[in-house]
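Heads up: take any position in the sequence shown, counting from 1, add 26, and you land on our numbering.
Shown next, in structure tokens, is the structure this report addresses.
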Amino acid sequence: MKKGIKMILAGLVLLSLSACGTKETTDKLDTIKKEKVIKVATSPDYAPFGFHTKINGKDKIVGADIEMMEAIAKKMAVKIDWIDMSFNAVLAATKEGKADVAVSAISVTSEREKSFDFTTDYYTSPQVIVINKKHAAEFTSLDTFKDKQIGAQKGTIQENIVKEQLTNAKLVSIEKLPNIFVEVKNDTLDGLVVEKTVADAYVDKNPDLMIADVPLKSMKEDALCIAVPKGNEKLVEELNKYIKEMKQEGTINKLVAKNNQIALSSSN
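Rendered as structure tokens:
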């Protein structure tokens, strides 16, 4: 009798293990389509891709990333639940399942590829160094930044660029990008590393700032993509389809140019 019970229990354990081994994980696309909502994590402090501005007296998140994602959601026939947070938390929230995707001028890195799959790139922008104009004659090469304090937004590839390309400079990581520009403008930081598209928007609004005539090496990280937690191939494929359509139509370049102008005219 005891032997028979043991055999039954052993069989149940095997069936349980077999079921666990064959269970298919649900692709996020299925859940999004079912619930008609896609949860998107973003850090709207990075004009022209995502930023706050006032429209009809009310604060609103705008930007090329925002409009691109809204267009994609419309094609998918779903609504967007925007999750506004610091850039340092955007990828973590997506990895933890609090968001379905992360859209925030995100670059692909080897480290990020361990936890995320990335869509095809939707925009490419080189990296530059922004300085105070009064130091234009001083900063003429990477070597001239030796022992200088160079800012970068916390959690971004720009931190690595400072470490790898301005090896003799001192990295200062700050959470909010606008605060770094203020530090450079006030001459409490010697410079900052940022994407050229973003730099153009800030420099045009601040005559005290300029892009240093010191080129940085181009990298694969110059391309911007949407981040999706691993194991969601159907969602990546769906997003890629719409990104490719928008790139072919020139829509994304137009959105970047449009939002650059909004950022320039914004009082924020």
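Note that the Cβ used here is the ideal one computed from N, Cα and C, for glycine as well.
The structure presented is a predicted model; accordingly, all values stated were derived computationally and were not measured.
Going by DSSP in three states, residue i sits in which element: helix, strand or coil?
i: Leu-203; result: helix
i: Thr-79; result: strand
i: Val-156; result: strand
i: Leu-242; result: coil
i: Val-127; result: strand
i: Val-134; result: coil
i: Thr-150; result: strand
i: Ala-253; result: strand
i: Asp-248; result: helix
i: Asp-230; result: helix
Assuming residue i contacts residue j under a Cβ cut-off of 8 Å, what Cβ separation, rounded to an integer in Å, is found between them?
i: Val-229; j: Val-282; result: That pair is no contact at about 16 Å.
i: Ala-253; j: Phe-142; result: 4 Å
i: Val-210; j: Leu-203; result: The Cβ separation is near 11 Å, so there is no contact.
i: Ala-119; j: Met-111; result: 6 Å
i: Ala-249; j: Val-63; result: Wrong, their Cβ atoms sit about 28 Å apart, outside the cutoff.
Could you tell me the alpha carbon to alpha carbon distance between residue i and residue j, rounded to whole angstroms?
i: Thr-145; j: Thr-193; result: 31 Å
i: Thr-57; j: Asn-266; result: 18 Å
i: Pro-255; j: Ala-225; result: 29 Å
i: Leu-235; j: Asp-107; result: 36 Å
i: Glu-247; j: Asn-82; result: 37 Å
i: Lys-54; j: Asn-258; result: 6 Å
i: Ala-73; j: Leu-117; result: 19 Å
i: Ala-289; j: Asn-205; result: 16 Å
i: Cys-251; j: Asp-91; result: 10 Å
i: Met-102; j: Lys-273; result: 17 Å
i: Glu-271; j: Ala-163; result: 45 Å
i: Lys-84; j: His-78; result: 10 Å
i: Glu-263; j: Val-220; result: 29 Å
i: Val-154; j: Lys-172; result: 17 Å
i: Gln-175; j: Ile-200; result: 12 Å
i: Val-188; j: Val-104; result: 40 Å
i: Lys-60; j: Gly-276; result: 31 Å
i: Ile-278; j: Ile-269; result: 9 Å
Please confirm whether any heavy atom of the ligand SAH lies closer than 6 Å to the CB of residue i.
i: Glu-61; result: Summarising the ligand content, the structure contains no ligands, and the ligand SAH is consequently not present.
Continuous beta strand (DSSP E) assignments of at least 3 residues falling wholly in the region 168 to 225: Here the runs fully enclosed are 175 to 179, 196 to 200, 217 to 221.
Inside the region 47 to 114 only - alpha helix (DSSP H) runs reaching at least 4 residues: Entirely contained in the region 47 to 114, the alpha helix (DSSP H) runs reaching 4 residues are, in chain order, 54 to 61, 90 to 102.
Segment contact, 8 Å Cβ cut-off, at least three pairs: the region 127 to 134 with the region 54 to 72: By the criterion of at least three beta-carbon pairs nearer than 8 Å, the region 127 to 134 is in contact with the region 54 to 72.
Three CB pairs or more closer than 8 Å across the region 276 to 291 and the region 111 to 123: With a cut-off of 8 Å, the region 111 to 123 and the region 276 to 291 do not count as touching, because too few Cβ pairs lie within range.
Cβ contact check for the region 92 to 112 and the region 242 to 249: 3 or more pairs under 8 Å: Segments in contact, no.
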